[in-house]
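Undergrad:
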Amino acid sequence: AQSVSQHNHHVILSEAASLELGCNYSYGGTVNLFWYVQYPGQHLQLLLKYFSGDPLVKGIKGFEAEFIKSKFSFNLRKPSVQWSDTAEYFCAVNAPYGNNRLAFGKGNQVVVIP
Amino acid sequence: DAGVTQSPTHLIKTRGQQVTLRCSPKSGHDTVSWYQQALGQGPQFIFQYYEEEERQRGNFPDRFSGHQFPNYSSELNVNALLLGDSALYLCASTSTATTNEKLFFGSGTQLSVL
Numbered sequence: 006a007q008s009v010s011q012h013n014h015h016v017i018l019s020e021a022a023s024l025e026l027g028c029n030y031s032y033g034g035t036v037n038l039f040w041y042v043q044y045p046g047q048h049l050q051l052l053l054k055y056f057s058g059d060p061l062v063k064g065i066k067g068f069e070a071e072f073i074k075s076k077f078s079f080n081l082r083k084p085s086v087q088w089s090d091t092a093e094y095f096c097a098v099n100a101p102y103g104n105n106r107l108a109f110g111k112g113n114q115v116v117v118i119p
Numbered sequence: 016d017a018g019v020t021q022s023p024t025h026l027i028k029t030r031g032q033q034v035t036l037r038c039s040p041k042s043g044h045d046t047v048s049w050y051q052q053a054l055g056q057g058p059q060f061i062f063q064y065y066e067e068e069e070r071q072r073g074n075f076p077d078r079f080s081g082h083q084f085p086n087y088s089s090e091l092n093v094n095a096l097l098l099g100d101s102a103l104y105l106c107a108s109t110s111t112a113t114t115n116e117k118l119f120f121g122s123g124t125q126l127s128v129l
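Sequences listed follow chains C and Z, in order.
Using this note's numbering, you'd call the opening residue of the first sequence number 6 and step up by one each time.
Using this note's numbering, you'd call the opening residue of the second sequence number 16 and step up by one each time.
See the structure below:
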């Protein structure tokens, strides 16, 4: 079965610090990769996605992620976080089933201190 | 344009009872998926409905069943509730007419089983 690993479940940062969240998946075939964010009291929303092409993907709110196939990784980064980035971040993979059946990691709870 | 709406937002049940959760997909969407998010975990895929039929199913027992109506709305039913069924239940919708496989999530129904 597909599995998605996210480490460092709780991350606490100061504003302007850089953020990197790791994501590793176990499926060896073609994958579609996603990062979703859940702000406090809000629904899950898509930050960015990778289907093919340039492995460096840019998303909303200054986030980017890099797909490294050899490492089965899709790490999320933001050079300078803001207090409003406080949220839970989930990595997800759409493989091997496709058809929008996503396997999610356990998430990273990120708290940005003003 | 309404997004994905779920009802009720919160629900308290006792062991052995049955529960029905409801979801209206985003306008223009025809496919509905249900996810269970236990505390501290990422969402887990339960099943997906398209054209009023269950198209895919995750690793959940038969106590979990669903339905999709001609207007694309959907219900999730859980019978013989267990304490372990306590979780946030998320509905997500998408359109088969698009190829970007972007899921739109509702805010969820928080189910507590006592």
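Note that the Cβ used here is the ideal one computed from N, Cα and C, for glycine as well.
Going by the beta-carbon positions, is the gap between Z:S48 and Z:A107 smaller than 8 Å?
TA: Position 33 of the second sequence, counted from the start, is the residue given in the question as residue 48 of chain Z. Position 92 of the second sequence, counted from the start, is the residue given in the question as residue 107 of chain Z. Cβ atoms of Z:S48 and Z:A107: closer than 8 Å.
Undergrad: Is C:K111 close to chain Z? Criterion is C-beta to C-beta, closer than 8 Å.
TA: What you label residue 111 of chain C is simply residue 106 of the first sequence in a count that begins at 1. Interface residue, yes.
Undergrad: Let me confirm a value: C:P119 is counted as buried when at least 16 other C-beta atoms fall within 10 Å, else exposed. Which label applies?
TA: Along the first sequence, one-based indexing puts residue 119 of chain C at 114. So C:P119 ends up on the exposed side.
Undergrad: Spatial neighbours of Z:G43 within its chain, please: CB distance less than 7 Å, with the 5 preceding and 5 following residues excluded, ordered by chain position.
TA: The residue you call residue 43 of chain Z lines up with position 28 of the second sequence. The answer, listed in chain order, is S110.
Undergrad: Please confirm whether Z:K117 has its beta-carbon closer than 8 Å to some beta-carbon of chain C.
TA: The count along the second sequence starts at 1 and reaches residue 117 of chain Z at position 102. Yes - at least one Cβ of chain C is within 8 Å of the one on Z:K117.
Undergrad: Using a Cβ-Cβ cutoff of 9 Å, what residues of the stretch 78-105 of chain Z are near chain C? List them in chain order.
TA: Answer in chain order: L105.
Undergrad: With a threshold of 6 Å on Cβ separation, who are the neighbours of C:Y30 within its own chain once the five nearest residues in sequence on each side are excluded?
TA: To locate residue 30 of chain C, count along the first sequence from 1; it is residue 25. Counting only Cβ-Cβ distances below 6 Å, and skipping sequence neighbours, we find V9, F77, V98.
Undergrad: Who are the Cβ neighbours of Z:S22 in its own chain at under 6 Å, not counting the five residues just before and after it?
TA: As a working note, residue 22 of chain Z is residue 7 in the second sequence. So the list reads R37, once near-sequence residues are dropped.
Undergrad: Ordered along the chain, which non-local residues of its own chain (more than five positions away) have a Cβ less than 7 Å from that of Z:A102?
TA: The residue you call residue 102 of chain Z lines up with position 87 of the second sequence. Same-chain partners within the cutoff: Q51, Q52, A53, L126.
Undergrad: Can you find a CB in chain C that lies within less than 8 Å of the CB of Z:T109?
TA: Counting from 1 along the second sequence, the entry for residue 109 of chain Z is found at position 94. Answer yes: the Cβ-Cβ gap between Z:T109 and chain C drops below 8 Å somewhere.
Undergrad: Can you tell me the Cα-Cα spacing of Z:Q63 and Z:S89, whole angstroms?
TA: Stepping through the second sequence from its first residue, residue 63 of chain Z is reached at position 48. Stepping through the second sequence from its first residue, residue 89 of chain Z is reached at position 74. Whole-angstrom Cα-Cα distance: 10 Å.
Undergrad: What residue range is occupied by the uninterrupted beta strand (DSSP E) comprising C:N80?
TA: Counting from 1 along the first sequence, the entry for residue 80 of chain C is found at position 75. Segment 78-83, the beta strand (DSSP E) holding C:N80.
Undergrad: Would a check of beta-carbon distances place C:Y44 closer than 8 Å to chain Z?
TA: As a position in the first sequence, residue 44 of chain C is number 39, starting the count at 1. Judged by the 8 Å Cβ criterion, C:Y44 is not in contact with chain Z.
Undergrad: Of all the CB atoms in chain C, is at least one closer than 8 Å to the CB of Z:P58?
TA: Taking the second sequence and counting its residues from 1, the one referred to as residue 58 of chain Z is at position 43. Z:P58 counts as touching chain C.
Undergrad: Does C:K74 come out as helix, strand or coil in the three-state DSSP assignment?
TA: For the purposes of this step, residue 74 of chain C is identified with residue 69 of the first sequence, where counting begins at 1. Note: C:K74 maps to helix in three-state DSSP.
Undergrad: Using a Cβ cut-off of 9 Å, pull out every chain Z residue sitting near C:Y30, in sequence order please.
TA: Position 25 of the first sequence, counting from 1, holds the residue named residue 30 of chain C. In chain order: nothing, as chain Z lies at least about 12 Å away.
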